[in-house]
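To keep things clear, I will list the structure first and then write my remarks on it.
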Amino acid sequence: MANGFDKFAFETAQMARIGWFFGQKLVAARLSRPLPAPARWRARKLPDRRRLLSDLWRLIDADWRNIAAGVYAAPEDWRGNPLAELRRAADFFADLRAVEARRHGALADRLLNGPEAAHYPAYYRRKFHFQSDGYLSEASAQRYDHQVEVLFGGGAAAMRRQGLVPLRAALHRVGASRARLLDVGCGTGEFLREAKRNYPRLAVTGIDLSTPYLAVARRRLSAWSRVQLITAAAEAMPFPDAAFDVASCVYLFHELPARVRRAVVAEIARVLRPGGTLILVDSLQKGDEPDYDSLLDYFPLAFHEPYYAGYVREDLDRLMQPGFSPEARSLAYFSKVVTYRRGGPPPT
Ligand SMILES: C[S@@+](CC[C@H](N)C(=O)[O-])C[C@H]1O[C@@H](n2cnc3c(N)ncnc32)[C@H](O)[C@@H]1O
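Quick look at the structure:
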């Protein structure tokens, strides 16, 4: 049972964490040259720093309420080695010059053209977020989580944790030690690690196109058994029909072109058993938080997200037809968590 001291310790740690990552976000912004935005956007109002920090703290507060209510365990995301954190920050800033050159460079600088990229679908051969090597190197995999935390000022882990709320409800129906969870586009395994910390006996499978990202996930999940990590495309998964009870998809959909999004939904519907749960954690969409709409327009320009503008306008409930029906929806700072149930007969 959480007490007043636990809350104090949690909030102090989260404040320090936000100071660390939000501070780097501000320094990185200082070191970057603003991008020329289309003239018609210049008069648009963006949420200021005070608003962003206050909304971020609202997320941290909701995070604490979930922890205090026993929905999920308190995170360990501030217990890193300070030297390793410093090294990651140094690496992030060392790479910033190359990121900045790409941001102001030609389209060709954003594409992956080397022989290592030739085996991947064309839409994937991109340096998403302007990051060096796209998703295709060990250095990129090592840098990814730090980069994402800086982008969200220290809120990324707490946003991702909101996916644990519907996960708990879904596992309650099946039983965590009997259930099979599939995380589609699992990247470096952050969501799976949180799932295993909370449900050590849960059988989890992660798939991703990036072998280097899966290598990081493998190290991160090495303490647990019943973990399977597979290099595969989400639109052609190497699993039989109805193989999973729960599927999660964390920050994948906004990186897929519209037609691939549809193929992935169909594939998840195939591998999820009837009555199974799909948990989507992804960006806010237009109109979810009207004051953020301008930011959603700037984001794909500032961070090279070629399919994002389409995603934020996508009608998710329609996208999920006919296989899924909507179950729950909540906003979490820059993210939205949406849960769907797979149609069809309930399990026997
Ligand atoms: C923004 S990252 C999200 C990673 C992780 N889920 C997280 O919470 O940080 C997107 C991930 O999706 C993977 N990905 C993109 N397209 C994919 C596809 N068609 N099939 C499988 N993985 C894909 C990328 O390699 C990358 O690891």
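Just so you know, numbering that gives the first Met the number 0 puts 77 at position 78 of the sequence shown, and the rest follows in order with no gaps.
Don't be surprised by glycine CBs; every beta carbon is placed ideally from N, CA and C.
A quick note: this is a predicted structure, and the numbers were derived from the prediction, not measured.
Under the 8 angstroms Cβ criterion, the segment 90-102 does not count as touching the segment 188-199, having fewer than three qualifying pairs. Exposure of Ser224 is indicated by the presence of fewer than 16 other C-beta atoms within 10 angstroms of its C-beta. For Arg217, the shortest separation between its Cβ and any heavy atom of ligand 1 does not lie below 8 angstroms.
Counting along the chain, the unbroken beta strand (DSSP E) around Pro325 starts and ends at Phe323 to Ala331. With 16 or more other CB atoms across the displayed protein chains lying within 10 angstroms of its CB, Ala169 is buried. Ligand 1 never approaches Val26 closely enough for any of its heavy atoms to be under 8 angstroms from the residue's Cβ. Bounds of any beta strand (DSSP E) do not take in Val26; it lies within the alpha helix (DSSP H) bounded by Gly3 to Leu30. Every unbroken stretch of the alpha helix (DSSP H) spanning 4 or more residues and falling wholly within the segment 249-301 is given here in chain order: 257-270 and 292-301. DSSP lists Val183 and Ile229 as the bridge partner or partners of Ile206.
Under the three-state reduction of DSSP, Ala38 is assigned to helix. Boundaries of the alpha helix (DSSP H) around Arg49: Arg48 to Ala67.
Residue environment analysis places Ala222 among the exposed positions, since fewer than 16 neighbouring C-beta atoms fall within 10 angstroms of its C-beta. The DSSP-derived three-state label of Lys335 is strand. Segment contact: the segment 319-339 against the segment 155-171, three or more CB-CB distances shorter than 8 angstroms; contact assigned. Remark: C-beta atoms of Val270 and Leu180 do not approach each other more closely than 9 angstroms. A distance criterion of 8 angstroms places the beta-carbon of Ala233 in contact range of ligand 1, judged by its closest non-hydrogen atom. Per the coordinates, the alpha-carbon of Asn112 lies some 14 angstroms from the alpha-carbon of Phe129.
In summary, Asp314 is exposed, with fewer than 16 beta-carbon neighbours lying within 10 Å of its beta-carbon over all protein chains present. Here DSSP, grouped into helix, strand and coil, assigns Ala246 to strand. Rounded to whole angstroms, Ala138 and Gly186 show a C-alpha spacing of 14 angstroms.
Distance from the C-beta of Pro237 to the nearest heavy atom of ligand 1 is not below 8 angstroms. Relative to the non-hydrogen atoms of ligand 1, the Cβ of Leu181 never comes closer than 8 angstroms to any of them. Here the distance from the Cβ of Tyr310 to the nearest heavy atom of ligand 1 is not below 8 angstroms.
For the set Leu279, Ala155, Phe9 and His303, the Cα lying nearest the Cα of Trp63 is the one of Phe9. With respect to the 9 angstroms criterion, His145 and Arg217 are not classified as neighbours on the basis of their beta carbons.
Buried is the label assigned to Gly184, since at least 16 other Cβ atoms lie within 10 Å of its Cβ. Annotation for Tyr143: the continuous alpha helix (DSSP H) segment containing it runs Glu137 to Leu150. Ser247 is a Cβ neighbour of Val280, given a cutoff of 9 angstroms. A distance below 6 angstroms between beta-carbons, with the five flanking residues on each side excluded, links Arg219 to the following residues of its chain, in chain order: Gly188 and Arg192.
Sixteen is the threshold: since fewer than 16 other Cβ atoms of the shown chains lie within 10 Å of the Cβ of Phe4, the residue is exposed. In the DSSP assignment, Leu110 is bridged to Arg125. With a cutoff of 9 angstroms on beta-carbon distance, Leu283 and Phe252 are scored as not near each other. Taking the Cβ atoms as the reference, Met158 lies roughly 5 angstroms from Ala331, within the contact range of under 8 angstroms. When beta bridges are read from the DSSP output, Arg341 appears opposite Phe323. DSSP places Asn197 in the helix class (H, G or I) of the three-state scheme.
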